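> Can you keep this structure in mind? I'll have questions shortly.
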Amino acid sequence: MSGDYLQNYAPLLIHLLVAMGLAGIILLLSTIVGYHRPTRAKLQPYECGVRPTGDAREPFSVKFYLVAMVFILFDVEAIFLYPWAYIYRDLHWFGFVEMLLYILILLAGYIYLWKKGALDWNR
Amino acid sequence: MSNLVAQHPVLVVAVIKIAVLMFLLLTALAYLTWFERKVVAHIQSRWGPYRAGPHGLLQPLADGLKFLFKEDVTPSGADRFVYYLAPFLTLSLSLTAIALIPFGPGEFKLFGQRTSLGIANLNIGLLFLFAITSLGVYGVALAGWSSNSKYPLLGGLRSSAQMVSYELALTMSVVGVLLLAGSFNLREIIAAQQGFLWGWLPRWNIFASPMPQVIGFSCFFTAAIAETNRLPFDLPEAEGELVAGFHTEYASFKFAMFFMGEYASMITVSCLATILFFGGWLSPFPQIGALAWMRYLPTALLAAGSAWLVWDGIRYETLLGKIVLPVLGVVLAGLAVLIALPGANDFIQGPFWFLAKVFIFLFIYVWVRGTLPRFRYDQLMAVGWKLLLPASLANIVLTSFAIVVGKR
Numbered sequence: 054m055s056g057d058y059l060q061n062y063a064p065l066l067i068h069l070l071v072a073m074g075l076a077g078i079i080l081l082l083s084t085i086v087g088y089h090r091p092t093r094a095k096l097q098p099y100e101c102g103v104r105p106t107g108d109a110r111e112p113f114s115v116k117f118y119l120v121a122m123v124f125i126l127f128d129v130e131a132i133f134l135y136p137w138a139y140i141y142r143d144l145h146w147f148g149f150v151e152m153l154l155y156i157l158i159l160l161a162g163y164i165y166l167w168k169k170g171a172l173d174w175n176r
Numbered sequence: 212m213s214n215l216v217a218q219h220p221v222l223v224v225a226v227i228k229i230a231v232l233m234f235l236l237l238t239a240l241a242y243l244t245w246f247e248r249k250v251v252a253h254i255q256s257r258w259g260p261y262r263a264g265p266h267g268l269l270q271p272l273a274d275g276l277k278f279l280f281k282e283d284v285t286p287s288g289a290d291r292f293v294y295y296l297a298p299f300l301t302l303s304l305s306l307t308a309i310a311l312i313p314f315g316p317g318e319f320k321l322f323g324q325r326t327s328l329g330i331a332n333l334n335i336g337l338l339f340l341f342a343i344t345s346l347g348v349y350g351v352a353l354a355g356w357s358s359n360s361k362y363p364l365l366g367g368l369r370s371s372a373q374m375v376s377y378e379l380a381l382t383m384s385v386v387g388v389l390l391l392a393g394s395f396n397l398r399e400i401i402a403a404q405q406g407f408l409w410g411w412l413p414r415w416n417i418f419a420s421p422m423p424q425v426i427g428f429s430c431f432f433t434a435a436i437a438e439t440n441r442l443p444f445d446l447p448e449a450e451g452e453l454v455a456g457f458h459t460e461y462a463s464f465k466f467a468m469f470f471m472g473e474y475a476s477m478i479t480v481s482c483l484a485t486i487l488f489f490g491g492w493l494s495p496f497p498q499i500g501a502l503a504w505m506r507y508l509p510t511a512l513l514a515a516g517s518a519w520l521v522w523d524g525i526r527y528e529t530l531l532g533k534i535v536l537p538v539l540g541v542v543l544a545g546l547a548v549l550i551a552l553p554g555a556n557d558f559i560q561g562p563f564w565f566l567a568k569v570f571i572f573l574f575i576y577v578w579v580r581g582t583l584p585r586f587r588y589d590q591l592m593a594v595g596w597k598l599l600l601p602a603s604l605a606n607i608v609l610t611s612f613a614i615v616v617g618k619r
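Residue numbers (this note's numbering), protein chains in the order written: chain A, 54 to 176; chain B, 212 to 619.
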């Protein structure tokens, strides 16, 4: 089993390191080779040529938080579907009915969200 | 260290395979940009890149050099560490995802080690692939935040919300495939699609017998286009409103790294669509005597390509083209002969069909970009939450029902 792990996961780790190394080298190369002649105006945040006003690190729309929260809820539920799908052929009708109940509960929450307008961007 | 290598020649083989795959992937990335510009240009009745080398074939190289020597600007208010981390994450993660893709069924010998096409063959391949690709959202979100500029911030926010929304549909849409295959291993998912319905229709998941995964595939591919931030879902970089979105403040190769990451993700997603819904390396033609000549299709295609290159090269305007194109044609002809040889011919079948299908998906990506206008942001969110999510849930229920009923 351990040999199996080495055979499968070690190449993946090496691949990850190679990819990171490659990205790192490219990043380093572009900072070394590219020329640097900074001026104050050049380093300003881009605002279509107009002098920048205010700071970009300001509070932003709460809708984005809402989307993130709803995503967490549904994604955790989606992950439960994966192991179920894996052994579904052994579960037959039992698995089907159980998952139907699960999806119905999920659907209830989904309809509630829809009715509350959490899915409407323009509200 | 040397002891480790001596004891595990597997690792040496793996390093060689990784080096070859990386080289091929980076070349493919570079020429995908060329291909996209050419195809979009022809859709719009233009010629596309034509100056750098014959047919603009040296354009990717010229672009790369230009990116490398451009001024490297870091805006004054940027959070430096995160600002550099973002493109690094985007590129390294999208280059890693390709390690899990199996390219063919065949095995070959390298230093006495039998090894297969593909770097890692995991039991949880699909899950792992999703884990890596979903980390991609960090690159975009961090890039948008760290630039300390308003357009990137807006682009990054939009993009995070979009990727997060469509990821849900993406994960849900493949559950149908998992139900049919009963495995997370990508090789086993392909193996489960072997055979033909009524002797001629391939049993790929898109046509599979209890419940064809048409809904699943539609949801998957739509969500995948949104996940890779491509048109018509490229809101994060909508030029008209956000300048360039999350990478507005990036210059030189850091800018290019986001693009390389995007194109690498496109390739990964196309591979995944091929594996999950279109039978991976399986040939669409049944193994019957009347179709035995199909095994020489790769040779025929390469030969046709080589003939065209020679014919076009002779008439090409520039001297460089007159030399390079026919030489390229001769190389292709040599390759065509090589893969017609008995041993190589068997080996090439799987990778050929795999790459052909991947190429079709890449073409569709470009085609969609050349054809469709961009969504409005509220429309985008509505499609993700109100259409794709319920559709993929319905697909799960229908597929599981069809499997249970089909068992009787």
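Just so you know, even glycine gets a beta-carbon here, dropped at the ideal spot from N, CA and C.
A quick note: this is a predicted structure, and the numbers were derived from the prediction, not measured.
#1: Can you look up residue 324(B) in the DSSP assignment and give me helix, strand or coil?
#2: Are the beta-carbon atoms of residue 492(B) and residue 426(B) separated by less than 8 Å?
#3: Kindly indicate the opening and closing residues of the alpha helix (DSSP H) around residue 274(B).
#4: Name, in chain order, the residues that DSSP records as bridge partners for residue 408(B).
#5: Measure the alpha-carbon distance for residue 592(B) versus residue 323(B) and round it to whole angstroms.
#6: Can you give me the C-alpha to C-alpha distance between residue 399(B) and residue 568(B), rounded to a whole angstrom?
#7: Apart from the five residues just before and just after residue 103(A), which ones in its own chain have a Cβ nearer than 8 Å to its Cβ?
#8: Looking at chain A, is there any beta carbon in it that lies within less than 8 Å of the beta carbon of residue 288(B)?
#9: Hey, could you find the ends of the alpha helix (DSSP H) residue 476(B) is sitting in?
#10: Mapping the DSSP letters down to three states, classify residue 378(B) as helix, strand or coil.
#11: Is the Cβ-Cβ distance between residue 359(B) and residue 110(A) less than 8 Å?
#12: Compute the Euclidean distance between the alpha carbons of residue 589(B) and residue 115(A), then round it to the nearest angstrom.
#13: Would residue 524(B) pass as an interface residue toward chain A - the criterion being a Cβ-Cβ separation below 8 Å?
#14: Please classify residue 526(B) as buried or exposed, where buried requires at least 16 neighbouring CB atoms within 10 angstroms.
#15: In whole angstroms, what separates the C-alpha of residue 518(B) from that of residue 540(B)?
#16: Determine contact between the stretch 265 to 279 of chain B and the stretch 80 to 89 of chain A, defined as no fewer than three beta-carbon pairs at a distance below 8 Å.
#17: Please classify residue 68(A) as buried or exposed, where buried requires at least 16 other C-beta atoms within 10 Å of its C-beta.
#18: What residue range does the alpha helix (DSSP H) around residue 429(B) cover?
#19: Pull up the DSSP beta-bridge partners for residue 319(B), would you.
#20: Using CA coordinates, which residue listed in 319(B), 245(B), 255(B), 275(B) is at the minimum distance from residue 261(B)?
Answer, in terms of the structure:
#1: strand
#2: no
#3: 270 to 280
#4: 412(B)
#5: Put simply, the backbone Cα of residue 592(B) is about 53 Å away from that of residue 323(B).
#6: 18 Å
#7: none
#8: yes
#9: 463 to 488
#10: Under the three-state reduction of DSSP output, residue 378(B) falls in the helix class.
#11: In contact: residue 359(B) and residue 110(A) (Cβ atoms closer than 8 Å).
#12: Approximately 15 Å between the Cα atoms of the pair.
#13: For residue 524(B), the answer is no, since every Cβ of chain A falls outside 8 Å of its Cβ.
#14: exposed
#15: Spanning the two alpha carbons is a distance of roughly 7 Å.
#16: yes
#17: buried
#18: 425 to 438
#19: 326(B)
#20: From the listed residues 319(B), 245(B), 255(B), 275(B), the smallest Cα separation to residue 261(B) is found for 245(B).
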